[in-house]
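> For reference, the structure I am asking about is given below.
2 protein chains.
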Amino acid sequence: MPNTTPHLAPCDLSRLIRPRSIALVGASDRPQSIGGRTLANLIDHSAPVGELYLVNPTKTELRGRRCWPSIASLPETPDVAVIAVPAANVLGVVQECAARRVPFAIILTSGFGEAGEEGERAQEQLKDIAAAAGMRIYGPNCPGLTNVNQGLGMTFSPSFPHDLVKGPIGLATQGGGLGRNVMQAMERGIGIGLWASTGNEVDLQVADFIQYMATAPDIKVIVTLLEGIKDGPRFLAALRCAADNGKPVIALKVGKSEYGRKAAQSHTASLTGSAEVNSAVFKQYGVIEVDDIDELVDTAWLFARGLPGAQEGIGIYCSSGGTAALTADAVGTAGLTLAEFAPETTRVLRERLPDYAAIGNPVDTTAAILSDAELIEQTLGTVAADPHLGCVIAPIALDYGETTIRMAQTIIAAQQRCPTPIVPIWMSDRLGEGYRLLVAGGFAPPRSVGKAVTAIRRWVEWGRWQRSAAAVALRNLPAPAVAPVLAPGPVESLPEFEAKRRLQQAGIRLLPAAVAGSRKEARQFADAMGYPVVAKIASADIVHKSDIGGVCVGLEDGAGVEEAWDRIIASVALHKPDAAIDGLLIEKMAPGGGIELIAGVTRDPVFGHVMTFGLGGIYVEILRDVTRRLLPLTPDDAASMVREMRCFPLLAGARGRPPADIAALRQLLLAVSDFVMAHADRLEEMDLNPIWVGPQGQGAFPLDAVILERSGT
Amino acid sequence: MPNTTPHLAPCDLSRLIRPRSIALVGASDRPQSIGGRTLANLIDHSAPVGELYLVNPTKTELRGRRCWPSIASLPETPDVAVIAVPAANVLGVVQECAARRVPFAIILTSGFGEAGEEGERAQEQLKDIAAAAGMRIYGPNCPGLTNVNQGLGMTFSPSFPHDLVKGPIGLATQGGGLGRNVMQAMERGIGIGLWASTGNEVDLQVADFIQYMATAPDIKVIVTLLEGIKDGPRFLAALRCAADNGKPVIALKVGKSEYGRKAAQSHTASLTGSAEVNSAVFKQYGVIEVDDIDELVDTAWLFARGLPGAQEGIGIYCSSGGTAALTADAVGTAGLTLAEFAPETTRVLRERLPDYAAIGNPVDTTAAILSDAELIEQTLGTVAADPHLGCVIAPIALDYGETTIRMAQTIIAAQQRCPTPIVPIWMSDRLGEGYRLLVAGGFAPPRSVGKAVTAIRRWVEWGRWQRSAAAVALRNLPAPAVAPVLAPGPVESLPEFEAKRRLQQAGIRLLPAAVAGSRKEARQFADAMGYPVVAKIASADIVHKSDIGGVCVGLEDGAGVEEAWDRIIASVALHKPDAAIDGLLIEKMAPGGGIELIAGVTRDPVFGHVMTFGLGGIYVEILRDVTRRLLPLTPDDAASMVREMRCFPLLAGARGRPPADIAALRQLLLAVSDFVMAHADRLEEMDLNPIWVGPQGQGAFPLDAVILERSGT
């Protein structure tokens, strides 16, 4: 069940991130203590803060500044209390803060939710105190909050003074270790303006900082590292806000394998959810999901350098044939397009480059001209200015000293004269002066061809998503609902005919079907709907109908139906003598020539109801040709779910097949989504397997339906 | 057609790689010329060579050494002539070398095959002169040959003196640029003992150096970078030799996408072949194929540090929970196994690590104990000594200065006491003293979790391959045949009945079939084989039988067969009045309940005949569930082809199906392989589509057969 805490809804975090006054509780003169290290960061390494109050009842003075005995004793209420006292004293300090109406507390101290039952109890108390007072808590068990763009480190980390490259990236993480790894990308010139590392997330979560960054003017790109998502709807609301503001969110979510899931759970004690559902939700909300932590940085920096435009064509410019081929290969394998150069570009390249150079795309100048800086600058500049290109890759295979320095200078000069991003890749392990120039020039060169091209692919794909109907639809959706209060009863499976009745009531088209109470009625129904028909036992007590001889398919005439009646009733009486029988469900059989699909709905513990849709039949487990969406679906979602299946060519009419009734299929998916949302408090699971889709105009019908729901009373 | 040059078969390259005497033709005192740079590398930066003769007709002395006017004038025949004269003079010098019976010439000069038609003609002449004299040529258009382990640089590259880390890796490349990129991995401590960069490969090819390295005692791991493979059988022979000597071959082949293929072709003018066939052949020969150039290095170094043993379990040891989870995720996603620790390991970890540490696998010591070097050394040492582990990953997320230096020292110390490789991953962009210690300690730390785990996966998989029946079968295969001389005639398609007759003659089981010459005979044949049957027009002039009403399926009785006769003959007479008709092919229909598969054979221009085998039916193009092997197949190949298909569970009896006749299927594949090899000079293409495989005991039969062959006369 989504763990929503509506009384702690998103609030304005400006005063937490840019406080006018800070109280450091537990300020210390022991340089290695948490309080001492935090003090050093605030006094020695931060830009001047409005007011900094040091609180320590055992001192009157610290480093020449006055010490106050308590929060209560302060001359004003600080915007933020940074709490660096031992775990045993934290609750008392937090109570004091609550009494003084301190709006924000950052609790650095460990020994709470991560430290066994006693810690968990203490953490619950923290939560209660804060909720009662309307105070927001950041932490506990976290390294603090680092506002690089303001030069403010409310953190005990001794690394704070080393990682102060200002920039447009906002970083929101849970654990501190991996977050600091990202911060050390500053070594490559990556600027990260704000880092929130929310630790145990007793109150404020990663989602709240994504929400803040979505409107923060100094943040252009949001990066997040997730081990678990505590509150699904809150997270989605933040993603929505980022999308509304045109800010890309780049996410790495641990837990893609069972090993990772277990390790993350033992680390953060938060639900990691299903990787498939996570990825589907990310895709739906335009989140750029990456697979490894180094990819976060390369991808984020490409976005920071410029958002993708409408031109998707890639240009490659380099001076080694093998490298040109390798890079072209990576572009092709990634499904990207090498642009065809504009005639003017080709003209300049032909005129200027020697005969033996390759002037198509990729351009291979050959190493022979490496020493001619002017020639490189002119030709690279011409390529970068080509109106067909969205981006130019300039792979540098080698560090050749002076020659490479000139190449770096040339790239920097060319970039100054054109807006299309030039992406130099520094492929060598030798990091000489050329590398340092590119870092200083703000290129933060990726180090691997594959990783650079992967970042570009994600950048191009996000641009496509931004321009798509899906992004518009997301902006027009109603706000993500707070998770429904679940119906209290146990979960039960509905009989098939009851499940189908409900679907039909909800406007979902099904093949003609009716429950017959007698042999005669069965025949009458069948005659009325036309042959062939299927007969299935109708009983709330029987789930696996086939196993006990409760199903007869392919009945061709009235005599067959009557015979089926006798056979089924007898077989059921034998196997399930106590079952209450409603009769036989008589259904018209689907005509031949259709395709079997499946749709299922489950309730994800983090995000709520998710639909899985895909190919059915015997290859279902082998193909795993399925696509997923969080509900409700937009019409665009339904259309893209159908289109995304690998088997879509079959539906579209490949291999001489007639095109399938895709319109009916979309309609069906939307109707199922509506049905689920209307019963969100009860519906636990639903399986439509198979769904039959016929040729155009012949419809799409669930042939079987299983619904598991909570009873309401 | 495989471009084999049998008169230039592999020879002993020892005297090329470790010459007793070298003549540098074109030695120069201009420091920037090719001859001047090569001279500097030989005199100033190489270890002393037995004899070095400088040849330059315009000088009597260079740098205090005597200059000879010509090769002819030398007092002895040198082992190697390094040729650095302008392109126009190369042929003359080569002729001189041939006359003097110089065994090896290294031609550095450019302006041959890569430089238009005139260059191509000159290159052909080079080839002819060398072939006539039995002289081996390396190059032209190459940077030379670098024997790092002997400290010998027969190269003009100014980078030679910078890349001299000796080691057990042998590198064979075509282009020089990407090769130098790999050499610069020496910056990370990677030792590369020998680098051959074969340029235009007029004679000696990458294959010849793989062959040399396979038995060279100073080379343990062979790395190759390929843009095209000139001579398939020669390449395969070299791979066989490496496999025989237990040496891993790690390959990056450019041309995985159309873009890469085109760019590589324009760069090297060599055939790149099909990426799918390449990958299949690599797999068959145990070659470790990588996807990017940075992966070459990480993978090679892991092999250089130790070959994989029988234990495949991975251990993870680190001090950050997020990093532990991320790494565990990568291990899981790669399909590797996290080992369960031995009880003794668990006991030590429980006893020594604090309560809040995670002592399972992954081990998360937490950052709290990072300062306790002894504790880390003891616990890491215990994990590394665990008998369940094949390898220990120690991801280092951050550079924390002193703390990280101690961690590096601890890893070095732990590794000295155990043979299981410890793989530290240096994840941070900050490369401090800890990094330098690990480099100096020979760990060449990978820089990305995903890439490190990918290298480990390849290492584990190769170990599995080495121990497999496939590796044994490869060693027992007859030597790869030189490509057959192709039959001279045009390529023609055989009529179906003729194709089937040939298959049957070759011992391949087919469903009963016969060509009936009359209506009456058709009925008799059908009666004899049993119904239902299929009737198809039998005519060498008709390929697409269905399109002209030439096929009737599902004939249930004699009357049906006679009726089909009339219908087909009439329809064919209408559509193809001039076709010569042999009658009707009457075939027994495959029973229901089988699965449709396909097998095809094509002639790859590089490697020869390749079989593609996989799932048939309507999902064939969507699933692309196929597997490939170079022919001939071993029984192990046939078995693994069947097993490798994603749809194998269906054949094995998933979803309530009876298990298929897998034995018959394997037998069929082997018989097809034998058939193809017996007709290798003629057979161009073959398609068995569909192949019907029934339940166990019911056989596997090609239902249709297309054969394209060259006529022999």
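Protein sequence lines, in the order shown, are assigned to chains A and B. All residue numbers for the first sequence refer to this note's numbering, where the first residue is 1 and numbers rise by one. All residue numbers for the second sequence refer to this note's numbering, where the first residue is 1001 and numbers rise by one. C-beta atoms are modelled at their ideal positions from N, C-alpha and C, and glycine is treated no differently. All values reported here derive from a predicted model rather than from experimental measurement.
1) Return helix, strand or coil for S1493/B, following the three-state DSSP convention.
2) Starting from Y1212/B and walking both ways along the alpha helix (DSSP H), at which residues does that stretch end?
3) So with Cβ pairs under 8 Å, would you call M1/A a contact of chain B?
4) Roughly how many whole angstroms lie between the Cα atoms of L389/A and I314/A?
5) Does the distance from the CB of G1550/B to the CB of V1572/B come in under 8 Å?
6) G1170/B and M1213/B look like a contact to me (Cβ under 8 Å); what is the Cβ gap, rounded to whole Å?
7) For I169/A, which three-state DSSP category applies?
8) Which residues, taken in chain order from the segment 1311 to 1323 of chain B, show a beta carbon closer than 7 Å to some beta carbon of chain A?
9) Taking just the CA atoms, how far does P695/A sit from L236/A?
10) For I1598/B and G1614/B, what's the separation of their Cα atoms in angstroms?
11) Give the DSSP-derived three-state secondary structure of M686/A in the structure shown.
12) Just to make sure I have the definition right: I need the residues of chain A whose C-beta is within less than 9 Å of the C-beta of Q1184/B. Which are they?
13) Measuring alpha carbon to alpha carbon, tell me which of I1542/B, I1508/B, R1523/B and L1091/B ends up nearest E1587/B.
14) Just list the residues that DSSP pairs F156/A with in beta bridges.
15) Given a limit of 7 Å on CB to CB distance, which residues of the segment 1636 to 1649 of chain B reach chain A?
16) For I1017/B and W301/A, I'd like the C-alpha separation in whole angstroms.
17) From T1323/B, V1383/B and G1036/B, pick the residue whose C-alpha is nearest to that of G255/A; which is it?
18) Step through the CB atoms of chain B and report whether any lies within less than 8 Å of the CB of D79/A.
19) Where DSSP assigns a beta bridge to Y317/A, which residues make up the other side?
20) Could you pull the DSSP bridge partners for S21/A from this structure?
21) Per the contact definition of three or more C-beta pairs closer than 8 Å, is the segment 387 to 405 of chain A in contact with the segment 274 to 290 of chain A?
22) Please name the residue in L1039/B, H1045/B, P1048/B and Q1378/B whose C-alpha comes closest to that of L1054/B.
23) I want to verify the contact list: residues of chain A whose CB lies under 7 Å from the CB of E1227/B, in sequence order.
24) What does the Cβ neighbour count give for P1019/B, buried or exposed, with the cut at 16 atoms within 10 Å?
25) Just verifying my parser: in three-state terms, what is the DSSP assignment at H45/A?
26) Quick one: which chain B residues come within Cβ less than 7 Å of E115/A?
27) Excluding five sequence neighbours on each side, which residues of the same chain lie with their C-beta closer than 8 Å to the C-beta of F648/A?
28) From what residue to what residue does the alpha helix (DSSP H) around V1606/B run?
29) Interface residues of chain A around Y1259/B at Cβ under 7 Å?
30) Have a look at I1043/B, D1329/B and P1532/B and flag the residue whose alpha-carbon is nearest the alpha-carbon of P1031/B.
31) Give me the residue from R1352/B, R1261/B and A1384/B with the minimum Cα distance to I1369/B.
32) Closest to K451/A by CA distance: which of V290/A, I411/A and R436/A is it?
33) Please check the pair N1181/B and I1034/B, which I expect to be a contact at CB under 8 Å, by giving their CB distance rounded to whole angstroms.
34) For P1484/B and H1609/B, I'd like the C-alpha separation in whole angstroms.
35) Determine which residues of the segment 596 to 630 of chain A have a Cβ less than 8 Å from any Cβ of chain B, and write them out in chain order.
36) If contacts are defined as beta-carbon pairs under 8 Å, then L108/A and G139/A qualify, I think. What distance do you get, rounded to the angstrom?
Working from what's here:
1) strand
2) V1206 to T1215
3) For M1/A, the predicted structure reports a pLDDT of 35, less than 50, and the residue's modelled location is therefore unreliable. The matter cannot be settled from this model.
4) 6 Å
5) yes
6) 4 Å
7) strand
8) S1320, G1321, G1322 and T1323
9) 38 Å
10) 5 Å
11) strand
12) A397, L398, D399, M427, S428, D429 and R430
13) R1523/B
14) Looking at the DSSP assignment, F156/A forms no beta bridge with any residue, so it has no partner.
15) R1646, C1647 and P1649
16) 46 Å
17) T1323/B
18) no
19) V363/A
20) E51/A
21) no
22) L1039/B
23) G322 and A325
24) buried
25) helix
26) The amino acid at residue 115/A is misidentified as Glu; the sequence shows Ala. Simply Y1356.
27) V642
28) Careful: V1606/B lies outside any alpha helix (DSSP H) and carries neither H nor E.
29) A328, D329, V331, G332 and L338
30) I1043/B
31) R1352/B
32) V290/A
33) Rounded, the Cβ-Cβ distance is 21 Å, inconsistent with contact.
34) 11 Å
35) I618, Y619, E621, I622, L623 and D625
36) 6 Å
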